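Under the numbering used here, the letters of the sequence shown match residues 98 to 283, in that order. Just so you know, even glycine gets a beta-carbon here, dropped at the ideal spot from N, CA and C. Just so we're clear, the structure is a prediction, and the values are computed from it rather than from any experiment.
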Amino acid sequence: MITPADNPNTAIISGYGVRLCLRHGGTGENIVVRLHTSDRKAQTLQAPNGTMIEIINPNVGVELPELREALVVTPLTSDASWTVGRAGMRYRDLIPSRLGGAFIASHIHIPNGGPVPDYVHYHRVKFQMIYCKSGWVRVVYEDQGDSFVMNAGDCVLQPPEIRHRVLESSDNLEVIEIGAPAEHET
98 MITPADNPNT AIISGYGVRL CLRHGGTGEN IVVRLHTSDR KAQTLQAPNG TMIEIINPNV
158 GVELPELREA LVVTPLTSDA SWTVGRAGMR YRDLIPSRLG GAFIASHIHI PNGGPVPDYV
218 HYHRVKFQMI YCKSGWVRVV YEDQGDSFVM NAGDCVLQPP EIRHRVLESS DNLEVIEIGA
278 PAEHET
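Here you go:
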């Protein structure tokens, strides 16, 4: 899992019952190991070397931070800031303040069409909507039948945690993605 999708700074690698969380810019100090289990109640332990061990239940619901309302206008200018996010897609942040962490909105651009180096993933959110602004994109959703193409003007309301994958796109694909909460697992 890579998170957040618009400007990744965390990678979580899973295997053999263990999840390893790698964060960009970490110092190696204040190490925290999180063990996900539904068999025990949540607790925090400390190893002799200072490493914190958090035992947590991953089935706790997604919480939405309190909305900090504001008028947000984000013009598209020639010097707009884009970052490279998940699967090499370009992301432009449409709500830099995140409205207190309640929402994220991203303008996503794939300049060169063809197969997208995406992987099957999900978003741990309460709400997510994707609007195809220009071009087309082929996507597939778990248990929803064959892949399909979103064309300019199409919109998908994506149920929370549905597994999906971006398969291919046209040149200059642009989509707008809105999700809540702003920071979430991908």
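Under the DSSP definition of a beta bridge, V181 partners with R187. Collapsing the DSSP output to three states places G276 in a strand.
DSSP links Q140 through a beta bridge to I152.
Rounded to whole angstroms, the separation of the alpha carbons of Y188 and T283 is 15 Å.
When beta bridges are read from the DSSP output, R120 appears opposite T107.
Among the bridge pairs identified by DSSP, R235 is matched with V246, E265. In chain order, G210, G211, P212, V213, V234, R235 place their CB closer than 8 Å to the CB of E265, counting only its own chain and leaving out the 5 sequence neighbours on each side. Per DSSP, reduced to three states, the secondary structure at G211 is strand. Taking 8 Å as the cut-off, the beta carbon of S194 is found closer than this to the beta carbon of A167.
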